[in-house]
Structures are given as C-alpha cells and as structure tokens.
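> Handing you a structure now.
2 protein chains.
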Amino acid sequence: MFKTIFKKPFFQPAGSGPSAGAASESADQAAELLMTPAALMPLTLEEARVVVRYMQPQLVAKGTIFMRQGDGRDTGFMLLLLSGEVTVEMLVPSRIEPLVITLLGPGSLIGELGLLDGQPRHATCVAVTPLRCAVLTREALEQLMQDNAPVAAKLLLGISVRSGARLRELTDKLKMYAQLTQAMEQEIGSRVNP
Amino acid sequence: MFKTIFKKPFFQPAGSGPSAGAASESADQAAELLMTPAALMPLTLEEARVVVRYMQPQLVAKGTIFMRQGDGRDTGFMLLLLSGEVTVEMLVPSRIEPLVITLLGPGSLIGELGLLDGQPRHATCVAVTPLRCAVLTREALEQLMQDNAPVAAKLLLGISVRSGARLRELTDKLKMYAQLTQAMEQEIGSRVNP
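Chains as they are written, first to last, in the working numbering: chain A, 1 to 194; chain V, 1 to 194.
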C-alpha cells in the first residue's frame with residue numbers, strides 16, 4: 001500500500017518557510033521519537049533531525065491493514081509511528097482469529113526488519129486508530145548512508161537496540177510459556193495417573 | 001571474564017609479516033563470517049576486514065561460562081564465534097535445570113545486545129567445546145564509528161539483520177507455544193467436562 005509514498009514530499013527542515021507549520025511540528029516530533037535513549041551512542045536531536053529529512057510524512061486511515069504477513073514484495077519501508085495505535089497480528093494455523101502479538105503506540109518502529117533484509121513481512125499490522133507516521137524507504141536509507149554515514153550508523157545502532165529490547169521481551173514471554181506448558185503437562189499427567 | 005581482553009593485541013591485517021600465519025587465517029575467517037549475506041547492504045570482504053582489525057582474538061576453554069544471565073557489569077563486548085559450540089541457557093523459576101534456549105555455532109554473534117544498550121545479560125552462555133572467537137569491545141566499536149562510519153553503519157545493519165532473524169525465529173516459537181497451550185487447555189477442559 002505504500003507504493004504511492006515514493007512520490008510524496010520529504011519532511012522539510014524545521015522552520016523552513018511560513019507554510020511549514022504542522023509538517024515541521026511533525027518533523028520535530030519524529031526527531032524526538034527517533035533518539036532511542038536506551039542506546040549507548042544515541043542520536044542527538046540534531047542528528048535525528050538529519051534522519052527525519054530522509055523520511056516522508058504519511059497519514060493512515062483507521063482500520064487500514066498496512067502490512068500483511070507473508071508479503072514479500074512491499075518490504076522496502078519502515079514506519080515511525082508519531083500518533084495512533086497499531087495491532088500486530090499473526091495467523092496461527094489452528095485458530096480462526098489471528099493471534100494479537102502486541103499493541104504499538106507512538107515512538108514504535110514498524111517494519112524495520114523487512115526494510116533491512118527484504119524478507120517477507122512476518123506479521124500483519126492494522127491501524128486501530130487513524131495514524132500519523134514518518135516513513136523511511138530503503139532508497140532513502142541508502143542515500144542517508146552515502147550522504148551522512150555517522151548519522152546512519154547511529155540510526156542503525158538505535159534500530160538494533162530496539163530489536164534487542166523486543167528480543168528480550170519475546171524471550172521473557174517464551175520463558176513464561178515454557179513454565180505454563182510445564183505446569184499444564186503436570187496437570188494432564190496427574191489426571192492420567194492420579 | 002573478558003576484562004583481560006582489553007590488554008590483548010588486535011587482529012593484524014592479513015599477510016602482515018611472517019609470524020602472522022594462524023592469526024591472519026583467523027582474521028580472514030572472521031571477516032568472511034561477518035559479511036551477513038542476508039542484509040540488503042552487506043559488508044564487502046574488504047569492509048569486513050576493516051572491522052576485524054578492531055577485533056581481538058580470544059580462546060575460551062571448554063566448559064567456561066563466559067556470559068552470565070543478570071550480569072550488568074561485564075556487558076561491554078560481543079563475540080563472533082569462529083569455531084566451537086555454545087549453549088545459551090536461561091534460569092526459569094520453576095525449574096532446577098536451566099532452560100536451553102539455543103545452540104550456537106561458527107558465525108554466530110553473541111552478546112551484541114548488551115554491547116549496544118549496556119543492559120544486563122539476558123542469558124547464560126557456556127562453551128560446550130573449546131572456542132575460537134573474535135571480540136569486539138564497545139570502545140573498539142566507538143573507535144570504528146569515528147574512524148570509518150560507512151563500514152560501522154554496514155556492520156550495525158548486519159547486526160540488526162541478525163537480531164531480526166532471531167526475532168522472527170522467536171516469534172515462530174511463540175506461535176508454536178500458543179498453539180500448544182491452546183491444545184493443552186482443550187485437553188484439560190475435556191477431562192473436566194468429558
């Protein structure tokens with residue numbers, strides 16, 4: 001669905017002309033959300049503003065499925081969520097309803113894995129509310145790497161840190177499931193041999 | 001346990017002097033393993049060799065616990081495994097034996113999350129066999145970012161891609177567990193109300 005964004009204008013630098021108002025506010029907000037304070041070498045606000053100039057503003061209507069599990073063609077972008085909420089869902093063979101993996105809010109990066117490795121999308125993302133986003137395409141990232149490698153390196157470090165936080169989170173969930181299934185196994189076992 | 005590595009020599013560039021033999025072979029191997037072909041903008045062999053010059057060779061004896069779950073002090077390094085095998089284990093409250101999360105072989109990156117965000121180690125890593133590794137410290141990464149940002153950016157992109165692959169893997173495991181617990185719930189339910 002984001003094929004159209006390639007023709008869209010980029011964010012303008014903050015304070016660039018009288019008509020810049022709302023867009024420039026979004027650009028500032030995008031820069032602040034990109035900073036990833038958890039990283040040990042985070043982007044400064046000024047560096048984050050450089051990244052934002054390679055991004056495009058995008059509105060998404062409520063209810064839109066803007067990323068589809070298994071889609072291997074439309075992988076060339078990631079979104080930074082500025083406002084609104086998104087559910088991340090996965091189809092599970094034995095269930096009719098998809099499994100809701102997580103709910104994402106402002107500041108979340110969405111689709112960064114596909115952007116970097118081009119693999120098919122691993123989950124489906126649905127806009128639960130209207131969304132305001134900043135889009136980074138693969139072409140724009142490549143251009144940023146060429147134009148300003150130090151800033152690109154810090155951005156990629158920030159992306160790694162976010163993936164890392166999700167990895168830790170998922171590992172904890174997995175640990176919880178391992179405990180749960182063990183308890184259930186015991187429950188089933190005790191009924192077979194009471 | 002890797003506090004000592006900070007005094008160790010770095011890998012020498014390939015073919016640097018007559019005594020370089022084994023170390024230079026390891027350096028070449030490290031460079032090849034760093035290339036991450038899954039990334040869309042992978043390191044070239046030449047660029048990977050640049051990274052390796054910021055790494056230090058390290059041998060680890062069989063049975064060594066070289067990373068400990070919960071350790072928040074010794075997080076300033078990651079390992080690239082050149083040869084040998086490592087188990088990644090987690091302590092789970094209800095179990096006496098730790099849960100073996102995965103077995104890692106040559107080419108694996110270990111500890112890259114802590115390197116980038118300084119958070120306590122999330123799992124325990126044990127050398128199942130003797131290991132040959134290449135170590136990248138946080139100081140060396142910062143130096144690489146200063147000296148050669150384009151190569152650092154591609155390295156960080158490669159790290160992101162690897163984290164991404166692990167995220168996809170963990171998500172699949174989680175999906176499997178979700179199905180398993182659902183089946184077990186039904187099993188338990190059917191016995192209560194046969």
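Idealized CB from N, CA, C, for every residue including glycine.
Quick one: what's A:Q58 bridged to in DSSP?
The sequence position of residue 58 of chain A within the first sequence is 58, counting from 1. A:Q58 pairs with A:C133.
> With a cut-off of 8 angstroms, do at least 3 Cβ pairs link the segment 133 to 143 of chain V to the segment 44 to 63 of chain V?
A contact exists between the segment 133 to 143 of chain V and the segment 44 to 63 of chain V.
> Can you check whether the CB of A:I110 is closer than 9 angstroms to the CB of A:L81?
As a first step, residue 81 of chain A is located in the first sequence; it is residue number 81 there, counting from the start. As a first step, residue 110 of chain A is located in the first sequence; it is residue number 110 there, counting from the start. Their beta carbons are under 9 angstroms apart, which means A:L81 touches A:I110 by this criterion.
> Straight-line CA distance for A:G189 to V:V92?
Your numbering for residue 189 of chain A matches position 189 in the first sequence. Your numbering for residue 92 of chain V matches position 92 in the second sequence. Taking the straight line from one Cα to the other gives about 21 angstroms.
> When burial is assigned at 16 or more other CB atoms within 10 Å of the CB, is V:K62 buried or exposed?
Numbered from its first residue, the second sequence carries residue 62 of chain V at position 62. Its Cβ having fewer than 16 others within 10 Å, V:K62 is exposed.
> When you compare the segment 141 to 156 of chain V with the segment 34 to 51 of chain V, are there three or more beta-carbon pairs, one atom per stretch, that lie closer than 8 angstroms?
The segment 141 to 156 of chain V, when compared against the segment 34 to 51 of chain V, does touch it at the 8 angstroms Cβ threshold.
> CB-CB under 8 angstroms to V:P98, same chain, minus the five flanking residues each way: which ones, in chain order?
Here residue 98 of chain V is taken as the residue at index 98 of the second sequence, counted from 1. Here the set comprises E89, M90, L91, V92 and T124.
> Note down, in chain order, every chain V residue with its Cβ under 8 angstroms from the Cβ of A:R166.
Here residue 166 of chain A is taken as the residue at index 166 of the first sequence, counted from 1. By Cβ distance, chain V contributes L167.
> Indicate whether at least one CB of chain V lies closer than 9 angstroms to the CB of A:R191.
Translated into positions along the first sequence, residue 191 of chain A becomes position 191. Yes, its Cβ sits closer than 9 angstroms to a Cβ of chain V.
> Do the CB positions of V:L113 and A:K173 come within less than 9 angstroms of each other?
Here residue 113 of chain V refers to the residue found at position 113 of the second sequence. Here residue 173 of chain A refers to the residue found at position 173 of the first sequence. Against a cut-off of 9 angstroms, the Cβ pair of A:K173 and V:L113 comes out as no contact.
> Please state whether DSSP places A:T124 in a helix, a strand or coil.
The count along the first sequence starts at 1 and reaches residue 124 of chain A at position 124. Of the three classes helix, strand and coil, the one that applies to A:T124 here is strand, per DSSP.
> Using the C-alpha atoms, what's the distance from V:E187 back to V:A48?
Translated into the one-based positions of the second sequence, residue 48 of chain V becomes position 48. Translated into the one-based positions of the second sequence, residue 187 of chain V becomes position 187. Straight-line Cα distance between these residues: approximately 52 angstroms.
> On a CA-only basis, which of A:G84, A:D74 and A:R68 is nearest A:A134? Give me that one, please.
Position 134 of the first sequence, counted from the first residue, corresponds to residue 134 of chain A. Considering only alpha carbons, the answer is A:G84.
> Could you check how far apart the C-beta atoms of V:L33 and V:G107 are, in whole angstroms? I think they sit under 8 angstroms.
The residue given as residue 33 of chain V occupies position 33 in the second sequence. The residue given as residue 107 of chain V occupies position 107 in the second sequence. 4 angstroms between Cβ atoms; contact.
> Have a look at V:D147 and V:V50 and give me their C-alpha separation to the nearest angstrom.
Taking the first residue of the second sequence as 1, we reach residue 147 of chain V at position 147. Taking the first residue of the second sequence as 1, we reach residue 50 of chain V at position 50. Their backbone Cα atoms lie some 10 angstroms apart in a straight line.
> My assumption, with CB atoms under 8 angstroms, is that A:T75 sits in contact with A:G158. Please give the rounded CB distance.
Here residue 75 of chain A refers to the residue found at position 75 of the first sequence. Here residue 158 of chain A refers to the residue found at position 158 of the first sequence. Going by Cβ atoms, the distance from A:T75 to A:G158 rounds to 20 angstroms, so no, they are not a contact pair.
> Excluding the five sequence neighbours on either side, which residues of its own chain have a C-beta within less than 8 angstroms of the C-beta of A:S126, listed in chain order?
Translated into the one-based positions of the first sequence, residue 126 of chain A becomes position 126. Before going on, a small fix: residue 126 of chain A reads as Val here, not Ser. Result list for A:V126: G63, T64, I65, F66, V86, T87 and E89, in chain order.
> To which residues of the same chain is A:L144 closer than 6 angstroms at the C-beta, ignoring the five residues directly before and after it?
Position 144 of the first sequence, counted from the start, is the residue given in the question as residue 144 of chain A. Cβ within range, chain order: Y54 and A152.
> Considering only C-alpha positions, which residue in the set V:T181, V:T129, V:Q119 and V:P150 is nearest to V:M78?
Residue numbering aside, residue 78 of chain V sits at position 78 when the second sequence is read from its first letter. Of the candidates V:T181, V:T129, V:Q119 and V:P150, the one whose C-alpha sits nearest the C-alpha of V:M78 is V:Q119.
> Name the DSSP beta bridge partners of A:S83, please?
For this step, residue 83 of chain A is matched to residue 83 along the first sequence. A:R132, per the DSSP bridge assignment.
> Please confirm if A:A198 has its CB atom under 9 angstroms from at least one CB of chain V.
Examination of residue 198 of chain A is not possible in this model, given that chain A is present from 1 through 194 alone.
> Please list the terminal residues of the continuous alpha helix (DSSP H) segment that includes A:I115.
Locating residue 115 of chain A in the first sequence gives position 115, counting from the first residue. What sits at residue 115 of chain A in the sequence shown is Leu, not Ile. Looking at the DSSP string, the run of the alpha helix (DSSP H) that includes A:L115 is E112 to D117.
> Let me know the secondary structure DSSP gives V:E46 once reduced to three states.
Translated into the one-based positions of the second sequence, residue 46 of chain V becomes position 46. Three-state DSSP puts V:E46 in a helix.
> Name the chain V residues whose beta carbon is nearer than 9 angstroms to that of A:Q12?
Position 12 of the first sequence holds residue 12 of chain A. Neighbours of A:Q12 on chain V: none; closest Cβ ~25 angstroms, over 9 angstroms.
> Residues of chain A with CB under 8 angstroms from V:G118, in chain order?
Within the second sequence, the letter at position 118 stands for residue 118 of chain V. Correct list: L40.
> Let me see if you follow: with CB-CB separation under 9 angstroms, is V:K175 close to chain A or not?
Stepping through the second sequence from its first residue, residue 175 of chain V is reached at position 175. Yes - at least one Cβ of chain A is within 9 angstroms of the one on V:K175.
> Helix, strand or coil, according to DSSP, for A:V151 in the structure here?
Mapped onto the first sequence, residue 151 of chain A falls at position 151. Three-state DSSP puts A:V151 in a helix.
> Checking contacts by CB at 9 angstroms: is A:I96 closer than that to chain V?
Along the first sequence, one-based indexing puts residue 96 of chain A at 96. No, no contact with chain V.
> Can you list, in chain order, the residues of its chain with a C-beta nearer than 8 angstroms to that of V:S163? Leave out the 5 residues immediately preceding and following it.
In the second sequence, residue 163 of chain V corresponds to position 163, counting from 1. Within the same chain, V:S163 has close Cβ partners E112 and L113.
> Please confirm whether V:S83 has its beta-carbon closer than 9 angstroms to some beta-carbon of chain A.
Working through the second sequence from its first residue, we reach residue 83 of chain V at position 83. By this cut-off, V:S83 is not an interface position.
> Does DSSP classify A:M90 as helix, strand or coil?
Working through the first sequence from its first residue, we reach residue 90 of chain A at position 90. Three-state result, A:M90: strand.
> Could you spell out where the beta strand (DSSP E) holding A:I101 opens and where it closes?
In the first sequence, the residue the question calls residue 101 of chain A occupies position 101. Looking at the DSSP string, the run of the beta strand (DSSP E) that includes A:I101 is L99 to L104.
> To the nearest angstrom, how far is it from the Cα of V:P122 to the Cα of V:L115?
Along the second sequence, one-based indexing puts residue 122 of chain V at 122. Along the second sequence, one-based indexing puts residue 115 of chain V at 115. The question names Pro, but residue 122 of chain V is His in the sequence shown. Their backbone Cα atoms lie some 12 angstroms apart in a straight line.
> Return yes when the Cβ of A:T171 is within less than 9 angstroms of the Cβ of V:L170, no when it is not.
Within the second sequence, the letter at position 170 stands for residue 170 of chain V. Within the first sequence, the letter at position 171 stands for residue 171 of chain A. Yes.
> Mind listing the chain A neighbours of V:I110? Cutoff is C-beta to C-beta under 9 angstroms, in chain order.
One-based indexing of the second sequence puts residue 110 of chain V at position 110. Chain A residues near V:I110: none, gap ~13 angstroms exceeds 9 angstroms.
> Could you tell me which chain A residues have their CB closer than 8 angstroms to the CB of V:R138, listed as they occur along the chain?
Against the second sequence, residue 138 of chain V aligns to sequence position 138. By Cβ distance, chain A contributes L40.
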